[in-house]
Amino acid sequence: MAKIPVILSTDPGIDDAAALGVAFYRNELDIRLITTLHGNVDIGKTTANTLKILDFFGQQIPVARGMETPLVIAPVSTDVHGESGMDGYDFPESTQQVVPDHAVEAMRSLLEASDEKMTLVSIGPLTNVAVLLLMYPQVKNKIERIVFMGGSLCGGNVTSAAEFNIWADPHAAKIVFESGLDLVMIGLDVTQKALIGGSELAKHSNKSAEMFAATFGHYRDGDMEHGVMMHDMCAITYITNPEIFKVEPKCVKVVTEGPAVGMTMEVHGEPNLQAATGIDQEAFRNWFLKTLERMI
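In our numbering, each number is its position in the sequence shown, counted from 1, plus 96.
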């Protein structure tokens, strides 16, 4: 079966690190480029963290540094992932370097040179993707679809209304939501139920399980007894095994101002995306464990 060519945008982040790790060991994926941006921590840290993850897993994939700030609002962050963004494990400094091109230029050139359509996967704010679509709308015909972790139809996790990745750059999200492209929203409706904890990690004694256990223990979105929320990993799971999720066509708008800024609001109208509304939790855990079995 042909592999799915992927460009991945990320802001590591503990759950980003886990999502990247499992993505490297899914045979269905051909990750051509990783782009970094502002988000869980500042772009200097997210970029350094991405290179450290590549080193940890012995991967050589081009990394391009992207947008340092949101389009309009001031940069935001939380303490959910600790000071470094990947607290809990001592990753050595990476010897790898980012590519010289800005992430948006790297994405453009890769898409334009590709003979096949590519899937964009965003597990951070949507700034890199939005700027790509603003600057180079001609690449839309090279994009198969955009699968992103973000949004919610059931309330927020950073405010009562907003999920973090959308809240961190609502104007970028609005551009993507209104792009007319094939979009899949993997939001809190499913990611808050995608729990991995100590009991799952204890089933394997490899280096990856050890690193996950160390970082998940410092992740402030759940606990090791009941499981921590694998928000970003769900986007990877969906691409390889969509049958684990229930998705429904929805018309969803992004609130860009006022007290509900960052909210993804379902409204009447022609659907503009597919939204994940259900997850088979046991199938997700099994998917994770089978992937972890293959890892270092």
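C-beta: ideal position from N, C-alpha, C; glycine also.
* Minimum C-alpha distance to V363 - residue among K346, G313, P355, L369 -> The option with the nearest alpha carbon to V363 is K346.
* Asked: Which residues mark the beginning and the end of the beta strand (DSSP E) in which V413 is found?
  -> Nothing can be reported for residue 413, as the shown portion of the chain is limited to 97 through 392.
* To do: Quick one: residues in its chain with C-beta nearer than 7 Å to the C-beta of A371, no 5 flanking neighbours on either side, listed in chain order?
  => Cβ neighbours of A371 beyond the five flanking positions: L249, M281, G283, V343, E344, K346, V348.
* Would you call R161 buried or exposed, if buried means 16 or more other Cβ atoms sit within 10 Å of its Cβ? -> It is buried - the Cβ of R161 has at least 16 other Cβ atoms within 10 Å.
* **Contacting residues, own chain, Cβ-Cβ under 8 Å from E124 (five flanking each side not counted)** => Taking E124 as the centre and dropping the five residues before and after it, the same chain places the C-beta of M97, K99, I100, I335, T336 closer than 8 Å to its C-beta, in chain order.
* Asked: To the nearest angstrom, how far is it from the Cα of H134 to the Cα of V172?
  -> Rounded to the nearest angstrom, the gap between the Cα atoms of H134 and V172 is 8 Å.
* To do: Take the Cβ of G252 as the centre, count every other Cβ of all protein chains shown within 10 Å, and call the residue buried at 16 or more, exposed below.
  => Answer is buried; the Cβ neighbour count reaches 16.
* To do: Look at A119 and I127 and say whether their C-beta atoms are less than 8 Å apart.
  => Yes, the pair counts as a contact, with Cβ atoms nearer than the cut-off.
* **Supposed contact pair E208 and K236 - C-beta distance, whole angstroms, cut 8 Å** => Contact flag wrong, Cβ pair sits at about 12 Å.
* Between the segment 182-200 and the segment 298-311, do three or more beta carbon pairs fall short of 8 Å? -> They touch, by the three-pair rule.
* Outcome for M361 when other beta-carbon atoms lying within 10 angstroms are tallied against a minimum of 16 -> By the 10 Å Cβ count, M361 comes out exposed.
* Asked: Is G276 buried or exposed, if buried means 16 or more other CB atoms sit within 10 Å of its CB?
  -> By the neighbour-count definition (other C-beta atoms within 10 Å, threshold 16), G276 is an exposed residue.
* Give me the Cα-Cα distance between W383 and M231, rounded to the nearest whole angstrom. => Rounded to the nearest angstrom, the two C-alpha atoms are 37 Å apart.
* **DSSP beta-bridge partners of A331** => DSSP output for A331 lists no bridge partner at all.
* Asked: Given 8 Å as the limit, is there contact between the segment 188-197 and the segment 141-153, that is, 3 or more CB pairs closer than that?
  -> Contact between the segment 188-197 and the segment 141-153 is present: 3 or more CB-CB pairs across the two stretches fall below 8 Å.
* To do: Below 8 Å on the Cβ atoms is my guess for I292 versus G323; work out the distance and round it to an integer in Å.
  => Their Cβ separation, rounded to whole angstroms, is 6 Å, which keeps I292 and G323 in contact under 8 Å.
* The beta strand (DSSP E) spanning G117 covers which residue range? -> Run containing G117: none in the beta strand (DSSP E); it sits in the alpha helix (DSSP H), 110-120.
* Asked: Taking C-alpha atoms, which residue in G117, I169, D111 lies nearest to G354?
  -> Ranking G117, I169, D111 by Cα distance to G354 puts I169 first.
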